[in-house]
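Undergrad: For the sequence shown, the positions run 200 to 356 when my numbering is used.
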Amino acid sequence: MAERDMFEEIFACQQALNRRIGVDTARMTEKQQVHWLLQYSRALTQETAELVDSLPWKWWAKYQTYDRENVRVEIVDLLHFLVSLAQVAGLSARDVHELYLKKNELNFRRQERGYTIKDEGDNAGVKLEQKGSADRGRARRATAGSRRVESGGGPHV
Numbered sequence: 200m201a202e203r204d205m206f207e208e209i210f211a212c213q214q215a216l217n218r219r220i221g222v223d224t225a226r227m228t229e230k231q232q233v234h235w236l237l238q239y240s241r242a243l244t245q246e247t248a249e250l251v252d253s254l255p256w257k258w259w260a261k262y263q264t265y266d267r268e269n270v271r272v273e274i275v276d277l278l279h280f281l282v283s284l285a286q287v288a289g290l291s292a293r294d295v296h297e298l299y300l301k302k303n304e305l306n307f308r309r310q311e312r313g314y315t316i317k318d319e320g321d322n323a324g325v326k327l328e329q330k331g332s333a334d335r336g337r338a339r340r341a342t343a344g345s346r347r348v349e350s351g352g353g354p355h356v
């Protein structure tokens, strides 16, 4: 049996957790996608605040410490929500990998040019070569009619 890709395993685990609490990204209508993109974005904001609170950021306070273990936990919490965002947007682990590599290459080119001008137009080349499996499945389901998705609990980690 072939070893499973770690990133794909993370995506599968997150999909299972989301479904367990009533969020099935594969069956979402566009309205539900927007709702969950906002929910997960808000959760990311909160988890980022928790990460910041694990760091001694208050320059006026002398009692603070760097909580390395909690920083690590908060980073993993952030990953949960980033993966959920990707799944709601119809991205598979392979899709994210492909887009990441393209964006990383673009960022290197920007640095080589000095990145003195903000030009979002150069992002135009950062797109998937082929539609991801999640998009293909979503397109098939869209033609079959929309199904209701339980909104389940709130943000989950």
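Even for Gly, the Cβ is constructed at its ideal location relative to N, Cα and C.
Quick test of your reading: residue 281 and residue 247, contact by CB under 8 Å. State the CB separation rounded to the nearest angstrom.
TA: Not quite, the Cβ-Cβ distance comes to about 11 Å (not below 8 Å), so this is no contact.
Undergrad: Is the region 281 to 301 touching the region 229 to 248 in the sense that three or more CB pairs, one from each, lie closer than 8 Å?
TA: Touching, per the Cβ criterion.
Undergrad: For the alpha helix (DSSP H) holding residue 214, just list the boundary residues, first then last.
TA: Segment 205 to 219, the alpha helix (DSSP H) holding residue 214.
Undergrad: Which residue spans inside the region 218 to 259 form an unbroken beta strand (DSSP E) run of at least 3?
TA: Runs of the beta strand (DSSP E) inside the region 218 to 259: none found.
Undergrad: Please classify residue 301: does DSSP put it in a helix, a strand, or coil?
TA: DSSP places residue 301 in helix when its eight states are reduced to three.
Undergrad: So, using beta-carbon positions, are residue 268 and residue 249 closer together than 7 Å?
TA: Cβ atoms of residue 268 and residue 249: not closer than 7 Å.
Undergrad: Could you check whether residue 295 and residue 285 sit closer than 7 Å to each other, using their CB atoms as the reference points?
TA: Yes; because the gap between Cβ atoms is below 7 Å, this pair is in contact.
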